[in-house]
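The structure appears right after this line, and notes come after that.
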Amino acid sequence: MTEHTDPRDLPETSEAPRDGYAVRKSDDDWRSELGDVEYEVTRHAATERPFTGRYWDHWERGVYDCVCCGTPLFESSTKFDAGCGWPSYFKPINGEVIEERTDRSHGMLRIEVRCKQCGAHLGHVFEDGPAPTGLRYCINSAALQFEPK
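So the sequence shown is numbered by the numbering used here: it starts at 13 and just counts up by one.
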């Protein structure tokens, strides 16, 4: 398993994304551009119910982008079935697209992942994934849009 960052060493998460992202919009703009579930997941760190998102059982070849800003996040070649009901990937498209933050919500200590360009909440990363990384990026379908290749 690949050694990963201890969540206690990361900045604390908050419900709303911080200022300072390359892509910034008002809450009203995000609300008008996104569907209800997409808005709650990406802008307020909600979690969609397992086995309900459009990409949990989606295996077409392509790239999964951030639904908010279009940043390419994950390649389909890194997607695997973790059996959890959410799309799971063993690595992001590169090291520059994901921001990690400590998440202490719901009485747990986890690593939250956000889009580094717009601050959209994507999901969490866990150390129970397959080789070659040993990581499982557990991502809400509502945070993604798919680009076929």
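Cβ atoms here follow ideal geometry from the backbone N, Cα and C, with glycine treated the same way.
Notebook entry, point to check: On the three-state DSSP scale, how would you describe D69?
Noted result: In the three-state scheme derived from DSSP, where H, G and I count as helix and E and B as strand, D69 is classed as coil.
Note to self: Quick check on the DSSP output: the alpha helix (DSSP H) that includes Y51 runs from which residue to which?
What the structure shows: First-last of the alpha helix (DSSP H) with Y51: 48-56.
Notebook entry, point to check: In three-state terms, what does DSSP make of E124?
Noted result: Strand, per DSSP.
Note to self: Within 10 Å of its beta-carbon, does F63 have 16 or more other beta-carbons around it, so buried, or fewer, so exposed?
What the structure shows: F63 should be labelled exposed.
Item checked: For R126 and D115, the rounded distance between their alpha carbons -> Separation of D115 and R126 (C-alpha to C-alpha, rounded to the nearest whole angstrom) is 11 Å.
Note to self: Using C-beta distances below 6 Å, list every residue in its chain close to F138, excluding the 5 sequence neighbours before and after it, in chain order.
What the structure shows: Closer than 6 Å at the Cβ level, and outside the excluded window around F138, lie R148.
Margin query: According to DSSP, is S117 part of a helix, a strand, or is it coil?
Written below: Secondary structure at S117: helix, using DSSP grouped into helix, strand and coil.
Item checked: Cut-off 6 Å between Cβ atoms - residues of its own chain near R66, not counting five sequence neighbours on either side -> Excluding positions up to five away in sequence, the list reads S153.
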